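First residue of the first sequence? That's 468 in the numbering used here, and the numbers climb one at a time after it.
For each residue, glycine too, the CB sits at the ideal point set by N, CA and C.
For clarity, every value in this text was computed on a predicted model and none was experimentally measured.
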Amino acid sequence: MEYNFREIEQKWQSTWVKSKAYQVKNNTDKPKYYVLDMFPYPSGAGLHVGHPLGYIASDIVSRFKRLKGFNVLHPMGYDAFGLPAEQYAIEHGVHPAKSTAQNIDNFRKQLDNIGFCYDWEREVRTCDASYYKWTQWIFLQLFNSFYNRQLQKAAPVTDLIQSFEANGNADHICPGDNSIRFTAAEWKAYSEKEQQDILMQYRLAFCGYGEVNWCEALGTVLANDEVVNGVSERGGHPVVKKKLRQWYLRITEYADRLLSGLDTIEFSEAMKEMQTNWIGKSSGAEISFELSAKSHEQPTGSQPAAQSSKLIVYTTRPDTIFGVDFMVVAPEHELIEKITTPEQKEAVDAYITYVKSRSDRERQAEKKITGCFTGAYAINPFDGREIPVWISEYVLAGYGTGAIMAVPCGDERDFRFAQHFNIPITNIIGDAYDGTDANPTKDAILSNSGFLDGMKMRDAIELVINKLEEMGIGKRKVNYKMRDAAFSRQRYWGEPFPILWRNGIAYPLDESQLPLELPNVESYSPGPEGEGPLSNIPEWTHQFGDKGVLETNTMPGYAGSSWYFLRYMDPHNDNTFCNRKVSDYWNQVDLYIGGTEHAVGHLLYSRMWTKALYDLGHIGFDEPFRKLLNQGMIQGSSRFVYRKKGTQTFISVGLVNKEEVDQLHVDVNIVDGVELDIEAFKKWRNGEYANAEFILEEGKYICGVEVEKMSKSKFNTVNPDTLVEKFGADTFRMYEMFLGPVDQSKPWDTKGIEGVHRFLKKMWRLFFDENKGQVWTNDAPTAEELKVLHRTIKKIEDDTERFSFNTAVSSFMICVNELSDLKCHKKEILESLLILLTPYAPHIAEELWQQLGNSGSILDASYPVFNAAHVTETSKEYPISINGKMRTNITIALDATEDQVKELVLANELVQKWMEGKPLKKLIFVKGKMINIVI
RNA sequence: GCCCUGGUGGUGGAACUGGUAGACACGCAGGACUUAAAAUCCUGUUCGCCGAAAAAGCGAGUGCGGGUUCGAUUCCCGCCUGGGGCACCA
């Protein structure tokens, strides 16, 4: 009886479906464990061997935890809304709903091949109305909430209104525009529109105006990478910066909690670092500078407002205030118009026109030093110096106050700017500044710095801030790089916003009106003026009659994926997004597996949504993912053939002269290792190379090799279906794991898969012989056999627990090799081994389990318990080193005392030889490890 | 430029808290079984030296150069290099 993996795998896969083996219940006494794969987007390209890596790892952990007695939630579903599907639809004339459904079917078939233990009854698709009903519902929760900074949590807008009615907005500074101030009486006197406009500035999901790339000719908004040199990538039409109405999430209010929350979760340092950098918290001071009399020489007519005659800058280094040699404001700064002197007006206008002509991309690509003097001066509050105010594009309007105080001796950019425009540089750090480079140190001693002279810079920071606050011209200030997240797309294939517009006011739909369904239409061309395609469907937008017109933007891809892990817990609930008792049971995702590409997108948004839902009392935890495991990328190992220029002659790699050939990618699937299958090559690409001739090395055509990203265009993708067909799912699963540490990137090489396949066959032969049939017996195991088993139990358990799947596979091989050497065919040993193997190779394990005469499924067996008694040794073959060099081995009883060891070792002939009669200086004896003789 | 990661045989990798570097595989070479092939099994396989060969032995060796230690792939300092991320954030 031989190992017929095709039959076995098919049999058990259908048996497990019939017996609902993977169905997960929400109510059990067992402890829970939640393993989740990152939500896949079902693209039309299908899976290559890189995709299932994480799925196999999570599947192993799920099955392992189940055997360990946990109730394991391990679901799968589809992040199905999004741009690519719509793009595909426009280009191929297939409705996105249809192409998405097809892609999902295909995806599912490929997954099923590999034998995953997903509970498919819990599948979710973000594009199903039954799912996005709750995405819309959560959006309404965010819309109806604000961030109460006093309580550091989200709270209902109704609380805010109460507070406004009692105290105006004194208790709640407006996050959208902190200059907004009103009293209770003023609030009550506002019109509904005025009130709603103010509330919008507080809401966690809000509508505002933001700059986008608008292309009039195409009638659409373009992403940054669709704009090249100020024109559209497709068609070359002009693109302008335009302020358009957009929805946003006020994620900036959560910046501090997103930061501190990182301490409570197990993400890799790299991942935490990326999020920390993205949030970009910095603390410093806002300082208000008076503008000098000179700057009041205004062009006739406009009188500067009292407030705007001050320049407010943000700095993290208030200690350097005596080193300020100039000010720089962003080109968009509102003060420019007011402070520019008549003499400079022309130059400033020209400069601003120039800046406006440049795209973000250009600004970032060529870091030219550009700028223009406004003619105005600010006054240093401490020494009264007049400081020229410049404009430059290196200062960003969106960060801090859009204005900086420039300290060229301490800041590289300020230094280069000063040099470029010949602005004199004040040195406030003595020898620490060498005149050729700025020095950003905080440890230098200050000089030329008035009352700060002689102080260490680090210590001066606090002192200056306190002084500024005392004088009423500055205040402590924390800033973040992170911006509020744009939450609308001018697209069709996404969740519609449950919002009605009437008289310029956004009215939320009532919960009972959800889901607001996406209309099924044939055309998705963009609407006018940056509106989404939905604006072309008046019968949809006006379906609520007098109540208002529906919002025509749709939500972005990350809306549905920000909360999907909650829906899996309670996927069919029509009354709520997820029953609270159920989410209390499943709680956080214990293990989340996916790539690093979502470091600052999905992983930040879902953390924010979780915190908001927690604040509002809908769930009981405020971090979604307790532990994150990043799988490495599987790279492609490309193969090349070399065609002599202008011919159909292909030269084997060893004979190639680089100048005379074109290097061409060849499909890795027609190459065995590095040897090209010439016949297959002639048939490849519909016979394009049918007439090719070859110059061979030793009768073989050898291909060139390079490690690259795995992609169709490089012909280096390998389809898992092919491998499963050839070797079986169990082999495929184990080989993916055997390749190397799951979190490291490594190139794929199909060649090695045979080793894993051989291992499974070898294990099979412990049970069945091709000729003799059954060879397993009920004999009692020997001590030696038990030792092999229990060593393996310990190793596999430890390795699986710490996600070291590659070493676990090795340990299985070692175990089977040793049992084969021992000719061990004993049921008692083999049965335990099968349970250990179940998470890795479930089909063969189940088949042999049944063959051994067990009635229940091995999926529910209980994990073997390690017994140290079976592996204890009485003696050890110690490595003996002389001066750290290993010279020989001596077997010594483990309970020997140090004196006994010393005596034994020194008496050894080889040791004597190496000691060359020199006296023993020291003997290092590490019990159970090694012995080192120092002479 | 900054941050994170890695660098070990022909290849993928192992060595978990400093203690016999190269486990386990792939590949390669030789052999057994077979009319033959497949499958399977056995032996060898870091490099160099010594040797006709085998055995044994010696020396070097974990990107490079230093250091700490009885002992370093592992810890420290300085470089080189592959991959990923961020990039005018004041």
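Option in the options with minimal Cα separation from residue i
i: Val1223; options: Ala1247, Pro1214, Ala1275, Pro1248; result: Ala1275
i: Glu1365; options: Lys1396, Lys1352, Glu1340, Trp1381; result: Lys1396
i: Ser1299; options: Tyr501, Phe1333, Lys1290, Asp878; result: Phe1333
i: Trp1053; options: Asn494, Ile1145, Asp1288; result: Asn494
i: Ile1260; options: Arg589, Ser1287, Val1338; result: Val1338
i: Leu618; options: Gly521, Val1172, Glu1006, Asp1082; result: Asp1082
i: Asp926; options: Asp723, Asp786, Cys876; result: Asp786
i: Lys485; options: Ile1402, Ser1324, Thr1341; result: Ser1324
i: Glu936; options: Gly751, Arg592, Lys1149; result: Gly751
i: Ile779; options: Leu919, Phe918, Ala911, Arg943; result: Arg943
Contact set for residue i: own chain, Cβ-Cβ below 8 Å, skip 5 residues either direction
i: Ala773; result: Unreliable placement is indicated for Ala773, whose pLDDT of 39 sits below 50; the coordinate value is still reported in the next sentence. Excluding positions up to five away in sequence, the list is empty.
i: Asp586; result: Tyr489, Gln490, Val491, Leu540, His541, Pro542
i: Ile1004; result: Pro986, Val988
Residue i versus residue j: straight-line alpha-carbon distance, rounded
i: Gly1061; j: Lys1094; result: 11 Å
i: Asn1097; j: Met505; result: 10 Å
i: Leu1017; j: Trp968; result: 6 Å
i: Val931; j: Phe793; result: 19 Å
i: Gly423; j: Leu1319; result: The structure shown does not extend to residue 423, since the chain spans only 468 to 1402, so no value can be given for it.
i: Ile665; j: Val795; result: 32 Å
i: Gly768; j: Gly560; result: Note that Gly768 scores a pLDDT of 42, beneath 50, so its modelled location is shaky; the value from the coordinates is reported in the next line. C-alpha separation (whole angstroms): 60 Å.
i: Val874; j: Ile788; result: 8 Å
i: Gly1240; j: Leu1289; result: 19 Å
i: Asp1246; j: Lys1294; result: 7 Å
i: Ala1026; j: Glu553; result: 17 Å
i: Gln1367; j: Leu1387; result: 16 Å
i: Ala911; j: Tyr861; result: 27 Å
i: Asp881; j: Leu716; result: 34 Å
Continuous beta strand (DSSP E) stretch holding residue i: start and end
i: Thr782; result: 777-782
i: Thr841; result: 839-846
i: His559; result: Here His559 belongs to no beta strand (DSSP E); instead the alpha helix (DSSP H) covers 550-559.
i: Phe1392; result: 1389-1393
Own chain residues within Cβ distance below 6 Å of residue i, not counting five before or after
i: Lys739; result: Leu729
i: Ile1190; result: Per the sequence shown, residue 1190 should be read as Leu rather than Ile. Only Phe1199 meet the Cβ criterion.
i: Lys1228; result: Tyr470
i: Pro771; result: Residue confidence is low: Pro771 scores 42 on pLDDT, short of 50, so the model does not pin down where it sits. Its coordinate-derived value is still stated next. Contacts found: Lys805.
i: Lys1262; result: Ser1278
i: Leu1303; result: Ile1263
Endpoints, alpha helix (DSSP H) assigned at residue i
i: Val528; result: 519-534
i: Thr1267; result: 1250-1268
i: Pro1005; result: 1005-1008
i: Leu1300; result: 1294-1304
i: Ser1073; result: 1069-1082
i: Ser727; result: 722-727
i: Thr1189; result: 1187-1194
i: Trp604; result: 596-610
i: Leu1033; result: 1031-1034
i: Leu540; result: No alpha helix (DSSP H) holds Leu540; the beta strand (DSSP E) holding it covers 538-540.
Beta carbon of residue i nearer than 8 Å to that of residue j
i: Met1100; j: Ser1212; result: yes
i: Ala1106; j: Cys1170; result: Note on identity: in this sequence residue 1106 is Arg, with Ala being the wrong assignment. Yes, the pair counts as a contact, with Cβ atoms nearer than the cut-off.
i: Tyr500; j: Lys532; result: yes
i: Leu913; j: Ile892; result: no
i: Asp1144; j: Val1135; result: no
i: Trp714; j: Asn1020; result: yes
i: Val791; j: Ile803; result: no
i: Leu534; j: Thr1305; result: yes
Residues near residue i by beta carbon distance below 7 Å, same chain, minus five either side
i: Glu853; result: Ser759, Tyr844, Ile846
i: His887; result: Ile836
i: Val1120; result: Tyr1109, Ile1169, Cys1170, Gly1171
i: Glu1344; result: Asn1356, Thr1358
i: Pro1091; result: Phe1032, Gln1055, Val1056, Ser1073, Arg1074, Thr1077
i: Phe1235; result: Met468, Gln1241, Val1242
Proximity test, residue i beta-carbon vs the ligand MG heavy atom, cut-off 7 Å
i: Ile1400; result: You won't find the ligand MG in this model; it holds no ligand whatsoever.
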